[in-house]
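Asks: Each residue of the sequence shown is one higher than the last, beginning at 1 in this note's numbering. Glycine included, each C-beta is placed from N, C-alpha and C at the ideal position. Bear in mind that the values here come from a model prediction, so they are computed numbers and not experimental data.
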Amino acid sequence: IVSLGYATEKIRAVGSPRFDRYRRIKAPVAHAPFTILCVAPEIRQHPIYDSYSAADYFTSIAAAVKRLERVQVIIKVRPERAGRALSRSIINSAFSNPTNVVVRSSSLAELLTRVDVVVSGYSTAILEALQCGLPVIILAFSPVEALMVDFHFARYRDAGAVIIAYTAQELADALSELATHPERRNT
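(1) With a threshold of 6 Å on Cβ separation, who are the neighbours of A64 within its own chain once the five nearest residues in sequence on each side are excluded?
(2) State the start and end residues of the unbroken beta strand (DSSP E) segment that holds V71.
(3) Expressed to the nearest angstrom, what Euclidean distance is found between the alpha-carbon atoms of P143 and H31?
(4) Does DSSP put R104 in a helix, a strand or coil?
(5) Assign V144 to one of three DSSP states: helix, strand, or coil.
(6) Less than 6 Å between C-beta atoms, sequence neighbours within five positions excluded: which residues of the same chain meet that for I163?
(7) Assign T113 to buried or exposed, taking buried as 16 or more other Cβ atoms, counted over all protein chains shown, within 10 Å of its Cβ.
(8) By the DSSP assignment, the alpha helix (DSSP H) with L130 in it spans what residues?
(9) Using 8 Å as the threshold, is the segment 111-128 in touch with the segment 177-185, meaning 3 or more CB pairs across them?
(10) Using the beta-carbon count (16 or more within 10 Å), is S60 buried or exposed?
(11) Can you name the residues that DSSP bridges to F34?
(12) Taking the alpha-carbon positions, what's the Y57 to A40 distance?
(13) Should V136 be listed as close to the ligand NAP, given that the test is whether its C-beta is under 7 Å from any heavy atom?
(14) What's the C-alpha gap between I75 and T35?
(15) To the nearest angstrom, how far is the alpha carbon of T167 from that of L134?
(16) Output yes or no for whether 8 Å exceeds the beta carbon distance between L139 and G160.
(17) Could you name the residues that DSSP lists as bridge partners for S120?
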């Protein structure tokens, strides 16, 4: 803004109450068991996520988790009621062992203090997790997701701040790596 000719003293730093709260969150600590937060996609007639995409999302996460020992999955569902029953149905279908899966509608800020890694599709939750110092795996399985994620998050990937998984196998490999090597969780 200064380069556009505005005087420095006239520029106001404006924060976002949604993002400002993350300054108070302490540095992440390893949890036992290894805990994964999955941010559930919004399920509607949507150009990015429909019920088939959500099923792929949760099925891929469930398959990756099966390879891990001592793991808990917390699924953050959207607060709005639309699509909630369908989300729960898809989640129950994807995860064969519901004892290690918890579905929460708690605030994202609260959940981020309880996890070791965040898995999300294209969402502002990615930025919120990064502000908390958590490792983030971004799922970009469809061509549209891949284009959006590459456009917005390639520089974060190149800096080592996020992992972008384009396939279910890349997701499984990334989760396995982070579960078995806690020192690699530092973003």
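Replies: Well, looking at it:
(1) Mapped onto the sequence shown, residue 64 falls at position 64. Closer than 6 Å at the Cβ level, and outside the excluded window around A64, lie L171, A172, L175.
(2) In the sequence shown, the residue the question calls residue 71 occupies position 71. Its beta strand (DSSP E) spans residues 71-76.
(3) As a working mapping, residue 143 is identified with position 143 in the sequence shown. As a working mapping, residue 31 is identified with position 31 in the sequence shown. Each residue's Cα considered, the two are about 34 Å apart.
(4) Counting from one through the sequence shown, the residue named residue 104 turns up at place 104. Here R104 sits in strand by DSSP.
(5) Numbered from its first residue, the sequence shown carries residue 144 at position 144. Helix at V144.
(6) Residue 163 sits at position 163 when you count from the first residue of the sequence shown. Listed in chain order, the non-local C-beta contacts of I163 below 6 Å within the same chain comprise I137, A174, local neighbours out to five positions each way being set aside.
(7) By 1-based counting over the sequence shown, the position of residue 113 is 113. Under this definition T113 is an exposed residue.
(8) If you number the sequence shown from 1, residue 130 lands on position 130. Segment 125-131, the alpha helix (DSSP H) holding L130.
(9) Taking 8 Å as the limit for Cβ pairs, the verdict is that the segment 177-185 does touch the segment 111-128.
(10) Mapped onto the sequence shown, residue 60 falls at position 60. Note on S60: 16 or more other CB atoms within 10 angstroms of its CB, so buried under the neighbour-count rule.
(11) Residue 34 sits at position 34 when you count from the first residue of the sequence shown. BP columns for F34 point to V71.
(12) Walking along the sequence shown from the start, residue 57 turns up at place 57. Walking along the sequence shown from the start, residue 40 turns up at place 40. If I take the Cα positions, the gap works out to 9 Å.
(13) The ligand NAP is not part of this structure, which contains no ligands at all.
(14) Sequence index remark: in the sequence shown, residue 75 carries index 75 (1-based). Sequence index remark: in the sequence shown, residue 35 carries index 35 (1-based). I75 and T35 have their C-alpha atoms roughly 11 Å apart.
(15) Position 167 of the sequence shown, counted from the first residue, corresponds to residue 167. Position 134 of the sequence shown, counted from the first residue, corresponds to residue 134. Near 21 Å, if we compare the C-alpha coordinates of L134 and T167.
(16) Within the sequence shown, the letter at position 139 stands for residue 139. Within the sequence shown, the letter at position 160 stands for residue 160. Not closer than 8 Å, so no.
(17) As a working mapping, residue 120 is identified with position 120 in the sequence shown. For S120, which the question treats as bridged, DSSP gives the partners I138.
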